[in-house]
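Peer 1: Sharing a structure with you now.
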Amino acid sequence: MSTSLPGPSPRARSLTGVLPESIAAMAGESTWFAPARSVVIFLLDGLGAANLTARTGHARFLAAAMGRRDVAQTVFPSTTAAALTALLTGEPPGRSGMVGYRALVPGADRIANQLRGWEQDDLPADWQRARPILERESASGRACFVVTRAEYATTGFTHSTTRGAEVFGVDDLDERVDLAADVAGGNPGALVYLYAPDLDAVGHRAGWESDEWSAMLERVDAAAARMARRLRPDTGLVVTADHGMIDVPRHRHVLFGDGALTEGLRHVGGEPRMVHLYAESGAADHLAERWRSSESSRSWVLTRDEAIAAGLFGTVDGVVRPRIGDVLVAARQSIAYYDDRVADTSPQKMVGQHGSLTSEERTVPLIRLGAFAR
Numbered sequence: 220m221s222t223s224l225p226g227p228s229p230r231a232r233s234l235t236g237v238l239p240e241s242i243a244a245m246a247g248e249s250t251w252f253a254p255a256r257s258v259v260i261f262l263l264d265g266l267g268a269a270n271l272t273a274r275t276g277h278a279r280f281l282a283a284a285m286g287r288r289d290v291a292q293t294v295f296p297s298t299t300a301a302a303l304t305a306l307l308t309g310e311p312p313g314r315s316g317m318v319g320y321r322a323l324v325p326g327a328d329r330i331a332n333q334l335r336g337w338e339q340d341d342l343p344a345d346w347q348r349a350r351p352i353l354e355r356e357s358a359s360g361r362a363c364f365v366v367t368r369a370e371y372a373t374t375g376f377t378h379s380t381t382r383g384a385e386v387f388g389v390d391d392l393d394e395r396v397d398l399a400a401d402v403a404g405g406n407p408g409a410l411v412y413l414y415a416p417d418l419d420a421v422g423h424r425a426g427w428e429s430d431e432w433s434a435m436l437e438r439v440d441a442a443a444a445r446m447a448r449r450l451r452p453d454t455g456l457v458v459t460a461d462h463g464m465i466d467v468p469r470h471r472h473v474l475f476g477d478g479a480l481t482e483g484l485r486h487v488g489g490e491p492r493m494v495h496l497y498a499e500s501g502a503a504d505h506l507a508e509r510w511r512s513s514e515s516s517r518s519w520v521l522t523r524d525e526a527i528a529a530g531l532f533g534t535v536d537g538v539v540r541p542r543i544g545d546v547l548v549a550a551r552q553s554i555a556y557y558d559d560r561v562a563d564t565s566p567q568k569m570v571g572q573h574g575s576l577t578s579e580e581r582t583v584p585l586i587r588l589g590a591f592a593r
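Here the sequence shown stands for residues 220 to 593, numbered as in the numbering used here.
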């Protein structure tokens, strides 16, 4: 490792603890939250703490409610597949196996999408290896609910992370909020997960520094305020996120389709700000050396063993280990890596990005409202 890795924020709790502590709060035993009868976890995909702090004028409700210590640290990689799974299972990527946006399927010599792979890439039902907290709680008799967009309600990813819960698919954000408030209020002791991908979608398309993103932030801020008004006084509300976002304009792209960086390279996984490089047999050491020589001034370049030893994925189960790249390249500067040998270059249109180790990508809000605001 040529450059030391950033440590966790001294103020941040782990995203993996949000659901366990919420459940503990319903028994009056949480060290994070005040006692509550029911709990709603409102996940705003793509809202980093730094993004919120930079746009407080567009999120006056959330900004006013967010105290200095109201932050959490998401997992590595700081991407939706890994982070939502960590939130909903309480386990790190090294245990769940969700080690990035795209990852190697060991023994199959192919890369699979970790969000859509059940539908697109023939992932087995048990690819996500950790038991969902909602399944465990439902089995013990707790009413558990998921309120998400309709397109996500029946996906393999949703099932793998929320099975055991009753899932509702609602497209309109305000209607999602109202339904989540209704099921929380009508089911004492309920655990409700409310998912809003709206901000993340705009950020990827236009960037978080765009007017479109600020306008969407105003909408999700209003939705959070609406939720807080709708809930019973004895219901705890947590507003959090899976990752933050960094804008990477096209002139900051690093294209590596030709030359020494692809010698001995068999597959590329991960995402543009945290690339998994899978080497041909016997080529891993040389691949790491070439990438370090070229990219260590602007990215963290680690071997699989170094990343595991550093604890980046948490505890790594043996079956998960080969899903991790032989070499990992995590952007430190505002850049993104693309293999321009591929036929489909449409992902290069993406502006807002995430996945790496920077505090902008890994530190997210953990805002306590309702009964938790006491």
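The beta carbon of each residue, even a glycine, is placed where N, CA and C say it ideally should be.
(1) Mark Ser221 as exposed unless 16 or more other C-beta atoms lie within 10 angstroms of its C-beta, in which case mark it buried.
(2) Taking DSSP as the reference, what is the three-state secondary structure of Gly319?
(3) Is the region 444-464 touching the region 236-249 in the sense that three or more CB pairs, one from each, lie closer than 8 angstroms?
(4) Check whether the Cβ atoms of Glu579 and Tyr320 lie closer than 8 angstroms to each other.
(5) Grab me the residues of Val421's own chain with a C-beta within less than 7 angstroms of its C-beta, minus the 5 sequence neighbours each way, in chain order.
(6) When burial is assigned at 16 or more other CB atoms within 10 Å of the CB, is Gly476 buried or exposed?
(7) Could you tell me the boundaries of the alpha helix (DSSP H) in which Met446 lies?
(8) Three or more C-beta pairs under 8 angstroms: does that hold for the region 336-354 against the region 371-384?
(9) How should Ala322 be labelled, buried or exposed, when 16 other C-beta atoms within 10 angstroms of its C-beta is the threshold for buried?
(10) Check whether the region 517-525 and the region 535-545 touch, using three or more Cβ-Cβ pairs below 8 angstroms as the test.
(11) Here's the rule I'm using: 16 or more other beta-carbon atoms within 10 Å means buried, otherwise exposed. How should Pro325 be labelled?
(12) With H, G and I counted as helix, E and B as strand and the rest as coil, what does DSSP make of Ser359?
(13) Is it the case that the Cβ atoms of Val411 and Val366 are separated by a distance below 8 angstroms?
(14) Secondary structure at Asn270, three-state DSSP: helix, strand or coil?
(15) Which same chain residues, not among the five before or five after Ala447, have their C-beta less than 7 angstroms away from its C-beta?
(16) For Phe387, report the span of its beta strand (DSSP E) as first-last.
(17) What is the C-beta distance between Thr380 and Leu303, in whole angstroms, given that I count them as a contact (C-beta under 8 angstroms)?
(18) Would Glu514 be called buried (16 or more neighbouring beta carbons within 10 Å of its own) or exposed?
(19) Taking C-alpha atoms, which residue in Ala349, Asp391, Ala362, Arg348 lies nearest to Arg368?
(20) By alpha-carbon positions, which one of Val259, Asn270, Phe252, Gly226 ends up nearest to Pro584?
(21) Distance check for Trp346 and Trp337, CA to CA, integer angstroms please.
(22) Give me the Cα-Cα distance between Ala549 and Gly226, rounded to the nearest whole angstrom.
Peer 2: Per the coordinate set shown:
(1) The predicted position of Ser221 is uncertain, since its pLDDT is 48 and thus under 50; a value taken from the coordinates is nonetheless stated next. Residue environment for Ser221: exposed (fewer than 16 other C-beta atoms within 10 angstroms of its C-beta).
(2) Correct three-state label for Gly319: coil.
(3) As far as the Cβ criterion goes, the region 236-249 touches the region 444-464, which means the pair count is three or higher.
(4) The beta carbons of Glu579 and Tyr320 sit no closer together than 8 angstroms.
(5) In its chain, beyond the 5 residues on either side, Glu431, Trp432, Met435 have a beta carbon closer than 7 angstroms to the beta carbon of Val421.
(6) It counts as exposed.
(7) Per DSSP, Met446 is one residue of the alpha helix (DSSP H) stretching across 430-449.
(8) The answer is yes - the region 371-384 touches the region 336-354, with three or more Cβ pairs under 8 angstroms.
(9) Classification of Ala322: buried, given that the 10 Å Cβ count is 16 or more.
(10) Output reads yes: the region 535-545 touches the region 517-525.
(11) It counts as exposed.
(12) Ser359 carries a coil assignment under DSSP once its states are collapsed to helix, strand and coil.
(13) Their beta carbons are under 8 angstroms apart, which means Val411 touches Val366 by this criterion.
(14) Secondary structure of Asn270 (DSSP, three-state): helix.
(15) Residues Leu456, Leu588, Gly589 of the same chain have their beta carbon placed closer than 7 angstroms to that of Ala447, with the five preceding and five following residues left out of the count.
(16) DSSP places Phe387 in the uninterrupted beta strand (DSSP E) bounded by 385-388.
(17) With a Cβ gap of about 6 angstroms, Thr380 and Leu303 count as contacting.
(18) Classification of Glu514: buried, given that the 10 Å Cβ count is 16 or more.
(19) Nearest of Ala349, Asp391, Ala362, Arg348 to Arg368, Cα basis: Asp391.
(20) Minimum Cα distance to Pro584 is reached at Asn270.
(21) Each residue's Cα considered, the two are about 9 angstroms apart.
(22) Near 14 angstroms, if we compare the C-alpha coordinates of Gly226 and Ala549.
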